[in-house]
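A short worksheet on the structure shown next.
Numbering (the numbering used here), first residue to last: 1 to 458.
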């Protein structure tokens, strides 16, 4: 093997600390095929968070099993196609997603995206740690706040230790972990199938039903959209000649298939015991109604699955901190972000109603990402990467600001006592609670950017 080949392997190989930070990956060190993106993204979505997100639609939104699955599928596909398109910036540039956007939003504009992505990544790390700790507590008979806190610290430490190694180690562990979790989920599903109420219909009707359906659609859309700023972080090692169609569609497959399968599971679980699901969550339903021989290993892999998801969070957070100008090595920034996420997760274990906190997190963290993605994709695919930084930032902010008018704040902050009547209450009432913020942000950002570019060219 030549020296060049050795350097290519050493820079990104399993079990070794990745040597690259936010620098562009040289052509000689590119490797892999677009098909690997399906398994990598499956590793991010074959976990309890996907199941739990879908369970919200039957437990709290009032949808039935099959219309809930339709909302899950439509929201996931719509968001996954955008993520797949964003993944193409990786092979083309060899750069992490936020670094690539410097050429679109300018250096200062990219810092805004970097700061928001850092908050998003650290927040996801905290969410995954709490979910894993709650599953671990179920293994110990339900546990209490302090047991859960101890598990948070342990899970966070393992997550950070693996994420420090980098891209190839994350890819391998996430792939094999996803296969193991999927197998256990299938065994659990079969064991519980006789208890499911497969034909359960929606609990809402009339004018309120479209609002519930849209809310379910947007919740699943938000789950995927919150990964937009991560997209090319995991495709930048692919050769620059990778086909656009393959780089787009393999991530879509890796996201949609797990979300549909685990989504159906999540939608059906509350039909076994709706009251228990609403009060204690679907983990409690599994603990109470599944045979121990499959429930016990499933809970173990819920813990491991969230650890695998944390690899992505810590890795991207480390890259973002480098992009913000911190003079540290990538593994050092990953460690720092892991510590911040651990502190947030430790605080989160005292939240009394986790499903509401999780829903709030999804909506609040993704509000800016759809408009941002719209500007990135228009520049990349329609304007050959030729940037207009000021216009790009204006379009992004216009889309985000407009979307704030269409957020269902009453639902978002329903867990707070004495919640005030929000400024858009009448609009939300007219829309029957339908939160259209993500779709509106894309449309407005695209319209502002497109019209501004066309006006400059005439």
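Note that beta-carbon positions come from the ideal geometry of N, C-alpha and C, so glycine has one too.
Between residue 78 and the set 374, 266, 243 and 103, the nearest pair of CA atoms involves 374.
Between residue 363 and residue 218, the CB-CB gap stays under 9 Å. For residue 217, the uninterrupted alpha helix (DSSP H) segment begins and ends at 208-225. Look at residue 95 here: in three-state DSSP terms it is coil, with no helix or strand label.
Here DSSP, grouped into helix, strand and coil, assigns residue 368 to coil. Close CB contacts of residue 196 within its chain, under the 7 Å cut and outside five residues either way in sequence, are with 268, 271 and 272 (chain order).
Between the region 365-384 and the region 139-158, the count of C-beta pairs closer than 8 Å stays below three; the two stretches do not touch.
For residue 243, the number of other beta carbons within 10 angstroms of its own is below 16, and it is reported as exposed. Taking 9 Å as the cut-off, the Cβ atoms of residue 389 and residue 104 count as close. The continuous stretches of alpha helix (DSSP H) do not include residue 198, and DSSP gives it neither H nor E. A straight-line Cα-Cα distance of about 16 Å links residue 392 and residue 116.
Annotation for residue 248: 81, 84, 85, 87 and 88 place their beta carbon closer than 8 Å to its own, counting only its chain and skipping 5 residues before and after.
Residues 422 of the same chain have their beta carbon placed closer than 6 Å to that of residue 409, with the five preceding and five following residues left out of the count.
The alpha-carbon separation between residue 359 and residue 379 amounts to approximately 31 Å. Each of 222, 306 and 234 was checked against the Cα of residue 436, and the nearest Cα belongs to 222.
The beta-carbon distance between residue 216 and residue 63, rounded to whole angstroms, is 5 Å. This is short enough to meet the 8 Å contact definition.
Nearest neighbour of residue 240 by Cα position, chosen from 91, 225, 430 and 385, turns out to be 91.
A Cβ-Cβ distance of about 5 Å is found for the pair residue 58 and residue 68, placing them in contact under the 8 Å criterion.
As for any alpha helix (DSSP H) of minimum length 4 sitting wholly inside the region 388-454, the runs are 389-403, 409-412 and 425-430, ordered along the chain.
With fewer than three CB-CB distances shorter than 8 Å, the region 247-265 does not count as touching the region 93-100.
Taking C-beta atoms as the reference points, residue 127 and residue 49 count as a pair closer than 9 Å. Put simply, the backbone Cα of residue 191 is about 7 Å away from that of residue 290.
The C-beta separation of residue 185 from residue 125 comes to about 23 Å, leaving the pair out of contact by the 8 Å criterion.
Put simply, of 287, 381 and 47 the residue whose alpha carbon is nearest the alpha carbon of residue 446 is 381.
For the 9 Å CB-CB criterion, residue 41 and residue 194 do not form a contact. Residue 324 sits in coil when the DSSP states are folded into three classes, being neither helix nor strand. Non-local C-beta neighbours of residue 257 in its own chain, meaning closer than 8 Å and more than five positions away in sequence, comprise 42, ordered along the chain. Between residue 440 and residue 405, the CB-CB gap stays under 9 Å. Of the residues assessed, residue 325 falls on the exposed side of the cut-off, its CB having fewer than 16 other CB atoms within 10 angstroms.
Inclusion of residue 306 and residue 132 in the CB contact set at 9 Å is warranted, their separation being smaller than that value.
Of the other Cβ atoms in all chains shown, fewer than 16 fall within 10 Å of the Cβ of residue 205; this residue is therefore exposed. By a beta-carbon distance limit of 8 Å, residue 31 contacts residue 237. Their separation comes to about 6 Å. If you draw a straight line from the Cα of residue 283 to the Cα of residue 187, it is about 16 Å long.
The DSSP-derived three-state label of residue 272 is coil. A residue is called buried once 16 or more other Cβ atoms fall within 10 Å of its Cβ, and residue 347, having fewer, is exposed. Here residue 26 carries a coil assignment [DSSP, helix/strand/coil].
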